[in-house]
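*Asks:* Sequence order for the protein chains is P and S.
Heads up, the first sequence is in UniProt numbering, so the first residue is 1 and it goes up one at a time.
Heads up, the second sequence is in UniProt numbering, so the first residue is 1 and it goes up one at a time.
Glycine included, each C-beta is placed from N, C-alpha and C at the ideal position.
These numbers come from a predicted model, not from an experiment.
Before anything else, here's the structure in question.
Protein chains: 2
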Amino acid sequence: MSSLQTAINARTSSNLLQLASAQSRSQVLKRIKIVLEKHKEQIFEANLEDIAYAQKEVEAGRLSQSLFKRLDIKGENEAKFETMLKGIDEIDMLEDPIGRISMHRELDEGLVLKRVSCPVGVLLVIFEARPEVVVNIACLSIKSANAAILKGGKEASKTNRVLADLIKQAILSVLDENSSSNNDCPEFPINAIQLVDTRDEIHELLQLEKYIDLAIPRGSNALVKYVQNNTRIPVLGHADGLCSIYIDQNCDINKAAKIVVDAKTDYPAACNSVETLLVHADSLSECFPAVAKALIDSKVVLHLDSKSKSALLDSGIDFNTNASYIVDAVPEDYNTEFLSLELAVKVVSNIEEAITHINTHGSKHTDCIITSVESNGEYFMNKVDAAGVYMNASTRFADGFRYGFGAEVGVSTNKTHARGPVGLEGLTIYKYKLYGIGQAASEYGPGKKQYTHRDF
Amino acid sequence: MSSLQTAINARTSSNLLQLASAQSRSQVLKRIKIVLEKHKEQIFEANLEDIAYAQKEVEAGRLSQSLFKRLDIKGENEAKFETMLKGIDEIDMLEDPIGRISMHRELDEGLVLKRVSCPVGVLLVIFEARPEVVVNIACLSIKSANAAILKGGKEASKTNRVLADLIKQAILSVLDENSSSNNDCPEFPINAIQLVDTRDEIHELLQLEKYIDLAIPRGSNALVKYVQNNTRIPVLGHADGLCSIYIDQNCDINKAAKIVVDAKTDYPAACNSVETLLVHADSLSECFPAVAKALIDSKVVLHLDSKSKSALLDSGIDFNTNASYIVDAVPEDYNTEFLSLELAVKVVSNIEEAITHINTHGSKHTDCIITSVESNGEYFMNKVDAAGVYMNASTRFADGFRYGFGAEVGVSTNKTHARGPVGLEGLTIYKYKLYGIGQAASEYGPGKKQYTHRDF
Numbered sequence: 001m002s003s004l005q006t007a008i009n010a011r012t013s014s015n016l017l018q019l020a021s022a023q024s025r026s027q028v029l030k031r032i033k034i035v036l037e038k039h040k041e042q043i044f045e046a047n048l049e050d051i052a053y054a055q056k057e058v059e060a061g062r063l064s065q066s067l068f069k070r071l072d073i074k075g076e077n078e079a080k081f082e083t084m085l086k087g088i089d090e091i092d093m094l095e096d097p098i099g100r101i102s103m104h105r106e107l108d109e110g111l112v113l114k115r116v117s118c119p120v121g122v123l124l125v126i127f128e129a130r131p132e133v134v135v136n137i138a139c140l141s142i143k144s145a146n147a148a149i150l151k152g153g154k155e156a157s158k159t160n161r162v163l164a165d166l167i168k169q170a171i172l173s174v175l176d177e178n179s180s181s182n183n184d185c186p187e188f189p190i191n192a193i194q195l196v197d198t199r200d201e202i203h204e205l206l207q208l209e210k211y212i213d214l215a216i217p218r219g220s221n222a223l224v225k226y227v228q229n230n231t232r233i234p235v236l237g238h239a240d241g242l243c244s245i246y247i248d249q250n251c252d253i254n255k256a257a258k259i260v261v262d263a264k265t266d267y268p269a270a271c272n273s274v275e276t277l278l279v280h281a282d283s284l285s286e287c288f289p290a291v292a293k294a295l296i297d298s299k300v301v302l303h304l305d306s307k308s309k310s311a312l313l314d315s316g317i318d319f320n321t322n323a324s325y326i327v328d329a330v331p332e333d334y335n336t337e338f339l340s341l342e343l344a345v346k347v348v349s350n351i352e353e354a355i356t357h358i359n360t361h362g363s364k365h366t367d368c369i370i371t372s373v374e375s376n377g378e379y380f381m382n383k384v385d386a387a388g389v390y391m392n393a394s395t396r397f398a399d400g401f402r403y404g405f406g407a408e409v410g411v412s413t414n415k416t417h418a419r420g421p422v423g424l425e426g427l428t429i430y431k432y433k434l435y436g437i438g439q440a441a442s443e444y445g446p447g448k449k450q451y452t453h454r455d456f
Numbered sequence: 001m002s003s004l005q006t007a008i009n010a011r012t013s014s015n016l017l018q019l020a021s022a023q024s025r026s027q028v029l030k031r032i033k034i035v036l037e038k039h040k041e042q043i044f045e046a047n048l049e050d051i052a053y054a055q056k057e058v059e060a061g062r063l064s065q066s067l068f069k070r071l072d073i074k075g076e077n078e079a080k081f082e083t084m085l086k087g088i089d090e091i092d093m094l095e096d097p098i099g100r101i102s103m104h105r106e107l108d109e110g111l112v113l114k115r116v117s118c119p120v121g122v123l124l125v126i127f128e129a130r131p132e133v134v135v136n137i138a139c140l141s142i143k144s145a146n147a148a149i150l151k152g153g154k155e156a157s158k159t160n161r162v163l164a165d166l167i168k169q170a171i172l173s174v175l176d177e178n179s180s181s182n183n184d185c186p187e188f189p190i191n192a193i194q195l196v197d198t199r200d201e202i203h204e205l206l207q208l209e210k211y212i213d214l215a216i217p218r219g220s221n222a223l224v225k226y227v228q229n230n231t232r233i234p235v236l237g238h239a240d241g242l243c244s245i246y247i248d249q250n251c252d253i254n255k256a257a258k259i260v261v262d263a264k265t266d267y268p269a270a271c272n273s274v275e276t277l278l279v280h281a282d283s284l285s286e287c288f289p290a291v292a293k294a295l296i297d298s299k300v301v302l303h304l305d306s307k308s309k310s311a312l313l314d315s316g317i318d319f320n321t322n323a324s325y326i327v328d329a330v331p332e333d334y335n336t337e338f339l340s341l342e343l344a345v346k347v348v349s350n351i352e353e354a355i356t357h358i359n360t361h362g363s364k365h366t367d368c369i370i371t372s373v374e375s376n377g378e379y380f381m382n383k384v385d386a387a388g389v390y391m392n393a394s395t396r397f398a399d400g401f402r403y404g405f406g407a408e409v410g411v412s413t414n415k416t417h418a419r420g421p422v423g424l425e426g427l428t429i430y431k432y433k434l435y436g437i438g439q440a441a442s443e444y445g446p447g448k449k450q451y452t453h454r455d456f
């Protein structure tokens, strides 16, 4: 099928989905779970084929270990697969994001305005490696009444294909059942979820802003940048996750060490891991050495500026034993998302310098202050321009599940539409519905009819 | 000043504005009004110069009459100028859009998440002709704590410059006063509002997505398209306003005529005027001829398809007398925003065909159904994909003032961020503030601490 036809199918599906009731969307979600469960052996088989092929790619140096690790859909004792299925239930149980009224206003007697949430329309989601994303995004899209075009990584192509086919099979089986029983939703679109296989298609789809309303790239910096630079479709997501933690003048040393170690080591490849540590000069003699020691104990390589290096030397840490964990920082380190057990360290003379550094070098993802002075915390949180601004908590909390959104399509560093972890709400927009009884705008104005502008 | 320096100034101002209290923003708004009032003769003088120059441009055929008409800032008995000043009060009195909490959730004991509205950051607003837009946008930006870079049309350059200088003077006078009285807001940024003069600067500024968060073009289709095609900054606005009205099978003939005439003739050059009339075949014999007659009486030229032309002929309208108001429609008419007293007419055999036509040819601005069957109205409103979907009311109501927003930055046909008439809310986004007491993310999970996810 041509990319244009795929996009047209998605748009047509989106038009039908505007009318899909919450019940019918829930029915499809439940059926998807049943069909996937029933055909799990088929999914595991395809997955094994992908893994076998990827193994060779890793050996040939054409695929990274980290991507390879994410390919497996089964997990130990099928735990990963079960989590994926449970995720469908969780999405199904979330409150319906469609049809919510955020404004209800009388403009005049008999002229009533409602602002009602509705799906964005057609989503293009591009991701790498993890095949369960097919199921996750398909379910989020169906829940929010959006049509979706999915493109996974070629390393998981066989698994992705089976999953997409099973999703279509589930939709078809609901349709069959409903057409015979005259049930709700005879028109649920079979092309609500489409999978495309080749990279060429992505380039073509990115040109079709007439049919596609939102592009969501999930994956490497290179993937996100490629999408951002090659489309006029609005892009939701983040290219970089350059998070910083600032250790203020006064703070609890133990808490500081615990937060920084967690933020760096819990999952170093994650976008919400810390990459830069800023230290107030007054915290150099006591707090910083304790934090540095805890980091080195966790095998973190510290890229130190001259002041922090001196402080560490003064603290009595053995530079010979720990030589492999201590390197001199270069300017580029402060613009680097290491995604590994490495951390850039810089000393600042006050909170203002820390904020300026973050607003200049950060990626507006998540930044944290560790302080025992609440007013400093508020000041930092107000003045740092980022999706997440934290006081005394690890940057790793920046995540849709942790925020209680149930599911997320990604984390956005955009300044418009949706920011931070994006759940179902980010897949909706609104329309204004105006109910009249024959009014003309020219009837209103000075000396004529007046608007009442009364909220219900 | 270079464009880069302008953008950096704006970003620095935006950082300061994050902390500007509602009181200080209000103080500046009030001062702007006072300063503009005090220097009105200076403004009128500059405006007369612009008008004199523009007059020559019109005579030479280099400026349109419609742009020329919008240049005057004074109006009869200074009425336009007074309206502009009154607009400052109105913006000042609107509820503060900053600091609103849209989520307040305990993630765990001592770990509290707040979603708080904040300014988008730096706006780039590009507009044509009407110089009062300088004041209007400056005040909206200040109210919403955004920094703004403004570029007006060169036809109003002298007036724009005086207005921008007076706005800066107002900010400076507040700063002077506060620095001596140790008052609130010693740091209100003098570069909060900057005016740029040349078109070259626009092209340069559109490349500076690092410093500019949102571009808002207001003006011709060509201007908006130029901005959309030349930047990676998110663009808010609409290139086209191709609104349609569909006359359903059953409807009140008088209301239909009244609504369609208003939507076409109240202000034909406006984006919310109707451009296409779709008529259900069953309404051809009675309703349509009455509507057509009312339109012709209002000097509207009808571009008729063969069926609507036959119906009009059958109705007994004199084609000879009205020859200049009856032309044969060509396919391109249904993609045309006439912006004048012309209307494309097409007959459809059912509501579905009307919806498909609108979703294919429309610009997602505002579309209306005229019907006496409420369920048809709801169906149409749900399935038409547009910022505004109306039942039995003129498309001309699509406007921030009419919706009761007090002020608007424009009308958006985007599918993300803000849709329809955009007021202060569209100039805000949110950040997530997380307040902890030293929590690490690795403390949570199966067999460990659990999230409470309890909304306050």
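(1) I'd like the span of the alpha helix (DSSP H) that includes P:LYS74, first residue to last.
(2) Let me know the secondary structure DSSP gives P:CYS247 once reduced to three states.
(3) What distance in whole Å lies between the Cβ atoms of P:ASN414 and P:VAL384, which are believed to be in contact at a cut-off of 8 Å?
(4) Is it buried or exposed for S:ILE34, if we count other Cβ within 10 angstroms and need 16 for buried?
(5) Roughly how many whole angstroms lie between the Cα atoms of P:TYR444 and S:GLN169?
(6) Give the DSSP bridge partners of S:TYR444, in chain order.
(7) I believe S:LEU312 touches S:PRO331 by the beta-carbon criterion, under 8 Å. Please report the beta-carbon distance rounded to the nearest angstrom.
(8) Quick check: what's the CA-CA separation for S:ASN382 versus P:ASP165?
(9) Using 8 Å as the limit for Cβ to Cβ distance, is P:MET391 near chain S?
(10) Starting from P:VAL120, find everything on chain S with Cβ-Cβ shorter than 8 Å and list it in chain order.
(11) Here's the rule: buried if 16 or more other CB atoms are within 10 angstroms of the residue's CB, otherwise exposed. What is P:ALA79?
(12) Three Cβ pairs or more, each shorter than 8 Å: is that satisfied between the stretch 416-436 of chain S and the stretch 434-449 of chain P?
(13) Along the alpha helix (DSSP H) that carries S:MET381, what are the first and last residues, could you check?
(14) Just the C-alpha distance for P:THR336 and P:LEU343, rounded to the nearest angstrom, thanks.
(15) Got a sec: is the Cβ-Cβ distance from residue 457 of chain S to anything in chain P below 8 Å?
(16) Could you check whether the Cβ of P:ASP252 sits closer than 8 Å to any Cβ belonging to chain S?
(17) Does the distance between the C-beta of P:GLU59 and the nearest non-hydrogen atom of the ligand MG fall short of 7 Å?
(18) Give every residue of the same chain whose Cβ lies closer than 7 Å to the Cβ of S:GLU49, excluding the five residues on either side of it in the sequence, and list them in chain order.
(19) In three-state terms, what does DSSP make of S:ILE34?
(20) Does any CB atom of chain S fall closer than 8 Å to the CB of P:ASP184?
(21) If you scan the stretch 329-398 of chain P from start to end, which runs of the alpha helix (DSSP H) of 4 or more residues do you find wholly inside it?
(22) With a cut-off of 8 Å, does the C-beta of P:GLN18 fall near any C-beta of chain S?
(23) Mind checking whether P:VAL301 and P:ALA257 have CB atoms under 8 Å apart?
(24) Going by beta carbon distance, what residues of the same chain come within less than 6 Å of S:GLY388, once the five residues before and after it are set aside?
(25) Report buried or exposed for P:GLN18, applying the criterion of at least 16 other Cβ atoms within 10 angstroms of its Cβ.
(26) When the Cα atoms are used, what is the spatial distance from S:SER24 to S:LYS30?
(27) With H, G and I counted as helix, E and B as strand and the rest as coil, what does DSSP make of S:PRO289?
(28) Using the Cβ count rule (16 or more neighbours within 10 Å means buried), how would you classify S:ILE101?
(29) So with CB distances below 8 Å, who are the chain S contacts of P:ARG25?
(30) Pull up the DSSP beta-bridge partners for P:ILE126, would you.
(31) Taking the alpha helix (DSSP H) that S:HIS303 belongs to, which residues open and close that run?
(32) Return the CA-CA distance between P:HIS417 and P:LEU236, expressed in angstroms with no decimal places.
(33) Would you mind telling me which residues of chain P sit closer than 8 Å to S:ARG402, beta carbon to beta carbon, in chain order?
(34) Spell out whether any CB of chain S is found under 8 Å from the CB atom of P:ALA79.
(35) For S:GLY87, decide whether its Cβ has a neighbour in chain P, counting only Cβ atoms nearer than 8 Å.
(36) For S:ASN359, return the contacting residues in chain B, with the cut-off set at a CB-CB distance below 7 Å.
*Replies:* Taking the structure as given:
(1) Within the first sequence, residue 74 of chain P is the residue found at index 74, counting from 1. Where P:LYS74 is concerned, there is no enclosing alpha helix (DSSP H), given that its DSSP letter is neither H nor E.
(2) Position 247 of the first sequence, counting from 1, holds the residue named residue 247 of chain P. Checking the sequence shown, residue 247 of chain P turns out to be Ile, not Cys. Reduced to three states, the DSSP call for P:ILE247 is strand.
(3) The sequence position of residue 384 of chain P within the first sequence is 384, counting from 1. The sequence position of residue 414 of chain P within the first sequence is 414, counting from 1. With 8 Å as the limit, P:VAL384 and P:ASN414 do not qualify as a contact, their Cβ atoms being about 16 Å apart.
(4) Translated into positions along the second sequence, residue 34 of chain S becomes position 34. With fewer than 16 Cβ atoms within 10 Å of its Cβ, S:ILE34 is classed as exposed.
(5) Numbered from 1 along the first sequence, position 444 holds the residue referred to as residue 444 of chain P. Numbered from 1 along the second sequence, position 169 holds the residue referred to as residue 169 of chain S. One C-alpha to the other measures close to 37 Å.
(6) Locating residue 444 of chain S in the second sequence gives position 444, counting from the first residue. Per DSSP, S:LYS449.
(7) Here residue 312 of chain S refers to the residue found at position 312 when the second sequence is read from its first residue. Here residue 331 of chain S refers to the residue found at position 331 when the second sequence is read from its first residue. Not really, about 20 Å apart at Cβ, beyond 8 Å.
(8) On the second sequence, position 382 is the one that residue 382 of chain S refers to. On the first sequence, position 165 is the one that residue 165 of chain P refers to. Approximately 29 Å between the Cα atoms of the pair.
(9) Within the first sequence, the letter at position 391 stands for residue 391 of chain P. With 8 Å as the cut-off, P:MET391 counts as an interface residue toward chain S.
(10) Counting from 1 along the first sequence, the entry for residue 120 of chain P is found at position 120. Under the 8 Å cutoff, chain S gives LYS415 and THR416.
(11) Here residue 79 of chain P is taken as the residue at index 79 of the first sequence, counted from 1. Exposed, since its Cβ has fewer than 16 Cβ neighbours within 10 Å.
(12) no
(13) By one-based count along the second sequence, residue 381 of chain S stands at place 381. Where S:MET381 is concerned, the enclosing alpha helix (DSSP H) stretches over 374-383.
(14) Indexing the first sequence from 1 puts residue 336 of chain P at position 336. Indexing the first sequence from 1 puts residue 343 of chain P at position 343. If you take the alpha carbons of P:THR336 and P:LEU343, they lie about 9 Å apart.
(15) Since the first residue of chain S shown is 1 and the last is 456, residue 457 of chain S is not available in this structure.
(16) Reading the first sequence from its first residue, position 252 is the one you call residue 252 of chain P. Closer than 8 Å: yes.
(17) Of the ligands one can find in the structure shown there are none, so the ligand MG has no counterpart to examine.
(18) The residue given as residue 49 of chain S occupies position 49 in the second sequence. The answer, listed in chain order, is LYS158.
(19) As a working mapping, residue 34 of chain S is identified with position 34 in the second sequence. Reduced to three states, the DSSP call for S:ILE34 is helix.
(20) Residue mapping note: residue 184 of chain P aligns to position 184 of the first sequence, counting from 1. Its pLDDT being 49, under 50, P:ASP184 is placed unreliably by the model, and nothing is read from it.
(21) 351-361 and 374-383
(22) On the first sequence, position 18 is the one that residue 18 of chain P refers to. For P:GLN18, the answer is yes, since a Cβ of chain S falls inside 8 Å of its Cβ.
(23) Working through the first sequence from its first residue, we reach residue 301 of chain P at position 301. Working through the first sequence from its first residue, we reach residue 257 of chain P at position 257. No; because the gap between Cβ atoms is not below 8 Å, this pair is not in contact.
(24) Taking the second sequence and counting its residues from 1, one reaches residue 388 of chain S at position 388. If we look at S:GLY388 and ignore the five residues flanking it on each side, its Cβ neighbours are THR366, ALA398 and GLY420.
(25) Your numbering for residue 18 of chain P matches position 18 in the first sequence. With 16 or more other Cβ atoms within 10 Å, it is buried.
(26) Here the question's residue 24 of chain S lines up with position 24 in the second sequence. Here the question's residue 30 of chain S lines up with position 30 in the second sequence. Whole-angstrom Cα-Cα distance: 10 Å.
(27) Numbered from 1 along the second sequence, position 289 holds the residue referred to as residue 289 of chain S. Helix at S:PRO289.
(28) Taking the second sequence and counting its residues from 1, one reaches residue 101 of chain S at position 101. S:ILE101 is exposed by the Cβ-count criterion.
(29) Counting from one through the first sequence, the residue named residue 25 of chain P turns up at place 25. The premise fails here: P:ARG25 is roughly 14 Å from chain S at the closest Cβ pair, so nothing lies under 8 Å.
(30) What you label residue 126 of chain P is simply residue 126 of the first sequence in a count that begins at 1. Paired residues: P:LYS151 and P:PRO217.
(31) Residue numbering aside, residue 303 of chain S sits at position 303 when the second sequence is read from its first letter. Here S:HIS303 belongs to no alpha helix (DSSP H); instead the beta strand (DSSP E) covers 301-304.
(32) Numbered from its first residue, the first sequence carries residue 417 of chain P at position 417. Numbered from its first residue, the first sequence carries residue 236 of chain P at position 236. Cα-Cα distance, rounded: 9 Å.
(33) Start at 1 with the first residue of the second sequence, and residue 402 of chain S comes out as number 402. The contacting residues are LEU107, ALA441, TYR444 and TYR451.
(34) Stepping through the first sequence from its first residue, residue 79 of chain P is reached at position 79. It does not; no Cβ of chain S falls within 8 Å.
(35) Residue numbering aside, residue 87 of chain S sits at position 87 when the second sequence is read from its first letter. For S:GLY87, the answer is no, since every Cβ of chain P falls outside 8 Å of its Cβ.
(36) The chain inventory of the structure shown lacks chain B, comprising the protein chains P and S.
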